[in-house]
Amino acid sequence: MNVIHLPLIITVLLCFLSSIVNLNASAPTRLLCEGRTNPLGIDDAQPRFSWWVQSDEANVVQSAYQIVVMDEAGQLTWNTEKVSSAQSTYIEYGGPKLKASTRYTWKVRTWVDDEEEPSEWSTPAWFEMGLLGQDAWKAKWIGHPPRMTTRSVPPVYLRKVFGIDDAVKRARLYISARGIYEVEFNGEKIGNNVFAPGWTDYASRNQYLTYDVTKHLQTGDNAMGILLADGWHNGFLMWRNAKNWYGQDTSVIAQLMIEDVNGKIHWVKTNDSWLAATGPIIESDFYNGEKYDARAEIDGWSTVEYEVEGWLQPRIEKEPTGKMVAKIVEPVRRQEVIKPISVKRDPNGVWVYDFGQNVVGWIRVKAQADRRSTLTMQFAEMLNADGSLYLENLRNAEATNRYSFKDEEPMEWEPRFTFHGFRYAGLSGIRYPFDLDSVEAVVLHNDISVTGSFECSNPLLNQLQSNILWGQKGNFLEVPTDCPQRDERLGWTGDAQVFVRTATFNMDIDAFFEKWMADMRDAQLENGIVPVIIPRLNNDGASPAWSDAAVICPWVIYERYGNERILADNFELMRRWVDYQIDTSDDYIWPGEKHGSWQGFGDWLAIDAPTPGEAPTPKIQIGTAYFAQVAKLLAKAAEILGKTEKAKYYSETSKKAKEAFVREFVNEDGRLKKETQTGYCLALGFDILPEKMRKTATDALVADIQSRGWHLSTGFVGTGLLMPVLSRMDRNDVAYRILLQESYPGWLYSIKQGATTMWERWNSYSHTDGFGDAGMNSFNHYAYGAVGEWMYSVIGGIDTLEPGYKKILIRPQPGGDITWAKTSLKSPYGMIATDWNLNGSTFELSVEIPPNTTAVIQLPDGQEFEKGSGNHSFAVEI
Ligand code: BGC
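Numbering of the sequence shown is given in the working numbering, commencing with residue 6 and proceeding in unit increments.
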């Protein structure tokens, strides 16, 4: 053998060996810092680390870990050494102060069980600190002149040319806006964020983003361009056609940090040396759409070569009172692209493209005009009987894009600063339809990952799962919104609160809710009231089940992710809201006279309600039940945070509110004085009734359901509780009956009417009766999707016994005509999965439990097992 080949042979041999020994098998994976993979630009002084323990072995629990953090020079910044602990989520950084604009690399290794040898080190991950401290912001807020208009005004183009003497080692752009922006360097767009920096109450907090722009810069002259639009700051908000809610000072602040090869730092900042102009975007607004005139294009506006003509100095705007904070959640980005399934001409001559799915985003058009013309694009969730777009439910939202062709050259266009909720796009102003390949729907939402899946033998339930997930995708757009299409799209707290538990199954919403809870803290009134829309607009009243989001949302995030900090960060918010109720209630019946006359939205949109807000369940009954429930959760939070006295006090408060509820609303035999399904759901679901009354109450609830031909009658408040309550009271038979009900009202009814998302009303549309009241008829409203949690946890059988699924409950409860179900969840510890099959009377189950967790497995025949990580199979007769 020729010696020259020896190294090659050794390499091949090593590769072969490592493939059978798998040297890296136990290195931890999925390294997250602050819940994100390699976050760029964070400002948390103590970022938290999480990972998945890996092992090919079964029954594995982490016994120790070691984290090492290094700075850019490779210097050790923090070394935990070996820490004996099973904790593998949210470990707080504990080293010396982290420096601004510095990238840190970190890795982790673990020990499992009583093994002496650690795992391999993980592949390194990193996080980078942003601009720390308010003083670091030296640039000016620039924008266009103020205007007094009720219509949208054109977005402003801002540009600046600057020189770089030496080669660039690295460059970072720090940027925030009161409005929304896109950035270009030397003619090229930076990043793929949409609607950055997102939405906050700008008077309280302004989010900034960090971009790595190193490769976009060159030695010599460079041009930077910012395109700035109204967005939430100045655009239309609310159904009352409000505009300029936050003021008229749409503006942007940017600081570009350039480090050259010699280590010298240079800054380029927004100030009065920039230039401003308007361009082809004539108007852009979330509700109304975008209007684009290609004839006014300013080609090369962000290049050095561009010849500036008629550009003006931007106006320097006042500094906002709000502080600058790094954005903690992944921004909105393009998520998927959907092709239309058909195009048809409607009676008005509009070409109607059907995407087969109600989505949120916009359309991208690749087309050519046969003459100078204007293409009009309209958006609808449904069609009228004659095939035309159903636009009535958009209310005042114009939802129309216009593109004026400059010539007959092919173009490719999508808007930038608007979005629509639609399944159909209607194109007009063209003589012939564009072919199906030329029009596509671009789906937008925050770039957070899908974590759950649910599938079973019933195709209608699979469609329901799909509708719930699409409802979540479409409404998780910077804040959890009620709907994405009409002149609303707001952070309604009640909707988010009833849906949040389901939402944790579908997607990783930990950081998304951390951010929204910060919005809620900003919004809380002096007296403790939590407004019903967050970020706060002008609805300052408190409503039971809406304002209670203040306690329920952080609690659910804690419960599902094990994120204790969300409790600590929001403890004061929760406490003040509960104290407000203590203060204003009347001997623990809420609300009392001190609160004022408005008692909230009630069981919004329930069956039998003459108007949406006048459902039969008494509002003070709802208020008192929620008061008892949130006081209880607050007590638990206090306990976890080590506030023992407070825990005692609020647990006592909860007890008193429960007693008040029973005194006021329940007959001696356990039946409610005013009997409604929602009333019983609250009384049983929040553990208000004493043990001895529960059976009577359950029977009464079931009797009501039966009297309605096995139909529900619940609105926003009762719906999420109904199924879990029936299961807890051992009435899965009834729960399955309601769930599988195909006639009105029920979950499958809308599916039988063609729904591809969750609807606002149980009867938003029917083949026989047409559309519900257009005044409030969204086809993408997730509140009733709260049933998703039950499908995951009762049909699929995945639930948590200890925060974040550290201890898992596997308890599939088959029922109805369902013969198999496959469910999975990417939990903070790894993948949890169940897969069951009913084979005659044999129930077969396979379960996957991730490392570093344990599970209690309860089988339908009553057997119970404690298991560790790994795959487990069972077969029992039922
Ligand atoms: C929204 C709801 C919201 C409600 C308040 C509606 O206009 O769309 O989802 O919770 O108002 O009751």
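Every residue, glycine too, gets a C-beta built ideally from N, C-alpha and C.
**OP:** Check whether the Cβ of TYR95 lies closer than 8 Å to any Cβ atom in chain D.
**Re:** The question asks about chain D, but that chain is absent: this structure has only one protein chain.
**OP:** Drop a sphere of 10 angstroms on the beta-carbon of THR154, count the other beta-carbons inside from all chains shown, and report buried for 16 or more, exposed for fewer.
**Re:** Counting from one through the sequence shown, the residue named residue 154 turns up at place 149. Interpretation of THR154 is limited by its pLDDT of 47, a score under 50 that renders its predicted location unreliable; the figure taken from the coordinates is listed afterwards. Exposed, by the Cβ-count rule.
**OP:** Return the CA-CA distance between ALA860 and GLU569, expressed in angstroms with no decimal places.
**Re:** Residue 860 sits at position 855 when you count from the first residue of the sequence shown. Residue 569 sits at position 564 when you count from the first residue of the sequence shown. Here the alpha carbons of GLU569 and ALA860 stand approximately 21 Å from one another.
Subject >> ASN27 (DSSP reduced to helix, strand or coil) >> reply: One-based indexing of the sequence shown puts residue 27 at position 22. The pLDDT assigned to ASN27 is 36, lower than 50, so where the model puts this residue is not dependable, and the model offers no usable value.
Subject >> Run of the alpha helix (DSSP H) containing ASP584, from where it starts to where it stops >> reply: To locate residue 584, count along the sequence shown from 1; it is residue 579. 570–589 is the extent of the alpha helix (DSSP H) around ASP584.
**OP:** Please determine if the segment 601–613 and the segment 712–720 are in contact, where contact requires at least 3 C-beta pairs separated by less than 8 Å.
**Re:** Judged by Cβ distances under 8 Å, the segment 601–613 makes contact with the segment 712–720, as three or more pairs qualify.
Original post:
Out of curiosity, what's the CA-to-CA distance linking PRO485 and ARG668?
Top reply: Locating residue 485 in the sequence shown gives position 480, where the first residue counts as 1. Locating residue 668 in the sequence shown gives position 663, where the first residue counts as 1. In this structure, the CA atom of PRO485 is about 37 Å from the CA atom of ARG668.
Subject >> 8 Å Cβ cutoff met for ALA555 and LEU530 >> reply: Within the sequence shown, numbered from 1, the residue matching residue 555 stands at position 550. Within the sequence shown, numbered from 1, the residue matching residue 530 stands at position 525. Not in contact: ALA555 and LEU530 (Cβ atoms no closer than 8 Å).
**OP:** Counting only runs of 3+ residues fully inside the segment 325–389, write out the beta strand (DSSP E) ranges in chain order.
**Re:** Complete beta strand (DSSP E) runs here, min 3: 328–331, 337–343, 347–350, 356–372, 379–385.
Subject >> Rounded Cβ spacing between LEU694 and GLY684 (contact assumed at less than 8 Å) >> reply: On the sequence shown, residue 694 is found 689 positions in, with the first residue counted as 1. On the sequence shown, residue 684 is found 679 positions in, with the first residue counted as 1. Contact flag wrong, Cβ pair sits at about 11 Å.
Original post:
Residues in its own chain within less than 8 Å of LEU280 by CB, not counting five upstream and five downstream?
Top reply: The residue you call residue 280 lines up with position 275 of the sequence shown. Cβ neighbours of LEU280 within its own chain (closer than 8 Å, five residues either side excluded): LEU163, ARG164, LYS165, VAL313, TRP316, LEU317, GLN318, PRO319.
Original post:
Taking 7 Å as the line, does the beta carbon of PHE606 fall inside it for any heavy atom of the ligand BGC?
Top reply: By 1-based counting over the sequence shown, the position of residue 606 is 601. Under cutoff, so the answer is yes.
Subject >> Same chain, Cβ closer than 6 Å to GLY802, five either side skipped, listed in chain order >> reply: On the sequence shown, position 797 is the one that residue 802 refers to. Take GLY802, set aside five residues on each side of it, and the residues of its chain with a beta-carbon closer than 6 Å to its own are ILE815, ARG816, PRO817, THR839, in chain order.
Original post:
HIS786 lies in the alpha helix (DSSP H); which residues open and close that run?
Top reply: Here residue 786 is taken as the residue at index 781 of the sequence shown, counted from 1. In the DSSP assignment, HIS786 falls outside any alpha helix (DSSP H) and carries neither an H nor an E.
**OP:** Drop a sphere of 10 angstroms on the beta-carbon of ILE557, count the other beta-carbons inside from all chains shown, and report buried for 16 or more, exposed for fewer.
**Re:** Residue 557 sits at position 552 when you count from the first residue of the sequence shown. Classification for ILE557: buried.
Original post:
If you draw a straight line from the C-alpha of GLY809 to the C-alpha of TYR834, how long is it?
Top reply: Translated into positions along the sequence shown, residue 809 becomes position 804. Translated into positions along the sequence shown, residue 834 becomes position 829. Taking the straight line from one Cα to the other gives about 8 Å.
**OP:** Could you tell me the boundaries of the beta strand (DSSP E) in which ARG175 lies?
**Re:** Position 170 of the sequence shown, counted from the first residue, corresponds to residue 175. Counting along the chain, the beta strand (DSSP E) containing ARG175 begins and ends at 173–183.
**OP:** Taking only heavy atoms of the ligand BGC into account, decide whether any of them is closer than 7 Å to the Cβ of GLY426.
**Re:** Along the sequence shown, one-based indexing puts residue 426 at 421. Checking the Cβ of GLY426 against the ligand BGC gives no.
**OP:** Out of VAL337, GLN383, ASP709, point me to the one whose CA is closest to TYR358's CA.
**Re:** Taking the first residue of the sequence shown as 1, we reach residue 358 at position 353. By alpha-carbon distance to TYR358, the top candidate from VAL337, GLN383, ASP709 is GLN383.
Subject >> Start and end residues, alpha helix (DSSP H) containing LEU687 >> reply: Looking up residue 687 in the sequence shown gives position 682. Membership of LEU687 in the alpha helix (DSSP H) is indicated by the continuous run 682–690.
**OP:** Would you check if the distance between the CB atom of VAL370 and the CB atom of PHE427 is smaller than 8 Å?
**Re:** Numbered from 1 along the sequence shown, position 365 holds the residue referred to as residue 370. Numbered from 1 along the sequence shown, position 422 holds the residue referred to as residue 427. No.
**OP:** Leaving aside the five residues before and after ALA573 along the sequence, list all residues of the same chain whose C-beta is less than 8 Å from its C-beta, in chain order.
**Re:** As a position in the sequence shown, residue 573 is number 568, starting the count at 1. Around ALA573: LEU646.
Original post:
What is the DSSP secondary structure of PHE504, counted as helix, strand or coil?
Top reply: On the sequence shown, residue 504 is found 499 positions in, with the first residue counted as 1. Under the three-state reduction of DSSP, PHE504 is assigned to helix.
Original post:
Where do the ends of the alpha helix (DSSP H) carrying LYS663 lie?
Top reply: For this step, residue 663 is matched to residue 658 along the sequence shown. Membership of LYS663 in the alpha helix (DSSP H) is indicated by the continuous run 649–670.
**OP:** May I ask you to list the residues that DSSP assigns as paired with MET836?
**Re:** Here residue 836 is taken as the residue at index 831 of the sequence shown, counted from 1. Bridge partners of MET836 according to DSSP: LYS831.
Subject >> Nonlocal neighbours in the same chain, by C-beta distance under 8 Å from LYS679, ignoring five residues either side >> reply: The residue you call residue 679 lines up with position 674 of the sequence shown. Residues of the same chain with a CB within less than 8 Å of the CB of LYS679, apart from the 5 flanking positions on each side, are PRO621, THR622, PRO623, GLN626, PHE670 in chain order.
Original post:
If we call anything under 8 Å between Cβ atoms a contact, is LEU261 one with LEU178?
Top reply: Translated into positions along the sequence shown, residue 261 becomes position 256. Translated into positions along the sequence shown, residue 178 becomes position 173. LEU261 is a Cβ neighbour of LEU178, given a cutoff of 8 Å.
Original post:
Exposed or buried, VAL17, counting other C-beta atoms within 10 Å across all chains shown (16 or more means buried)?
Top reply: In the sequence shown, the residue the question calls residue 17 occupies position 12. Note that VAL17 scores a pLDDT of 45, beneath 50, so its modelled location is shaky; the value from the coordinates is reported in the next line. When all chains shown are included, VAL17 counts as exposed.
Original post:
To which residues of the same chain is ASP48 closer than 6 Å at the C-beta, ignoring the five residues directly before and after it?
Top reply: Taking the sequence shown and counting its residues from 1, the one referred to as residue 48 is at position 43. Listed in chain order, the non-local C-beta contacts of ASP48 below 6 Å within the same chain comprise GLY135, LEU137, ALA331, local neighbours out to five positions each way being set aside.
**OP:** Using a threshold of 8 Å, state whether the C-beta atoms of GLY618 and GLY628 are closer than that.
**Re:** Here residue 618 is taken as the residue at index 613 of the sequence shown, counted from 1. Here residue 628 is taken as the residue at index 623 of the sequence shown, counted from 1. Not a contact, by the Cβ cut-off of 8 Å.
**OP:** Check each candidate in LEU466, ALA640, THR456, ASP553 and name the one with the smallest Cα separation from MET512.
**Re:** If you number the sequence shown from 1, residue 512 lands on position 507. Among LEU466, ALA640, THR456, ASP553, the Cα nearest to that of MET512 is on THR456.
Original post:
Can GLY580 and LEU638 be called in contact, C-beta distance under 8 Å?
Top reply: Locating residue 580 in the sequence shown gives position 575, counting from the first residue. Locating residue 638 in the sequence shown gives position 633, counting from the first residue. What sits at residue 580 in the sequence shown is Arg, not Gly. Inclusion of ARG580 and LEU638 in the CB contact set at 8 Å is not warranted, their separation being larger than that value.
Subject >> Bounding residues of the beta strand (DSSP E) (the contiguous stretch that carries HIS716) >> reply: Position 711 of the sequence shown, counting from 1, holds the residue named residue 716. Premise fails: HIS716 is in no beta strand (DSSP E) and is neither H nor E.
Original post:
To which residues of the same chain is PHE459 closer than 7 Å at the C-beta, ignoring the five residues directly before and after it?
Top reply: On the sequence shown, position 454 is the one that residue 459 refers to. Setting aside the 5 residues that flank it on each side, PHE459 is surrounded in the same chain by GLN470, MET796, TYR797, GLY801, THR828, each with a C-beta closer than 7 Å to its C-beta; the list follows chain order.
Original post:
Between VAL8 and the rest of its own chain, which residues show a CB-CB distance below 8 Å, the 5 nearest in sequence each way excluded?
Top reply: One-based indexing of the sequence shown puts residue 8 at position 3. Any reading at VAL8 needs caution, since the residue's pLDDT is 43, under 50, leaving its predicted position unreliable; the model's value is listed next. Cβ within range, chain order: n/a, list empty.
Subject >> For GLN634 and PHE576, believed in contact at Cβ under 8 Å, the rounded distance >> reply: Position 571 of the sequence shown, counting from 1, holds the residue named residue 576. Position 629 of the sequence shown, counting from 1, holds the residue named residue 634. Actually they are not in contact, since the Cβ atoms of PHE576 and GLN634 sit about 17 Å apart, beyond 8 Å.
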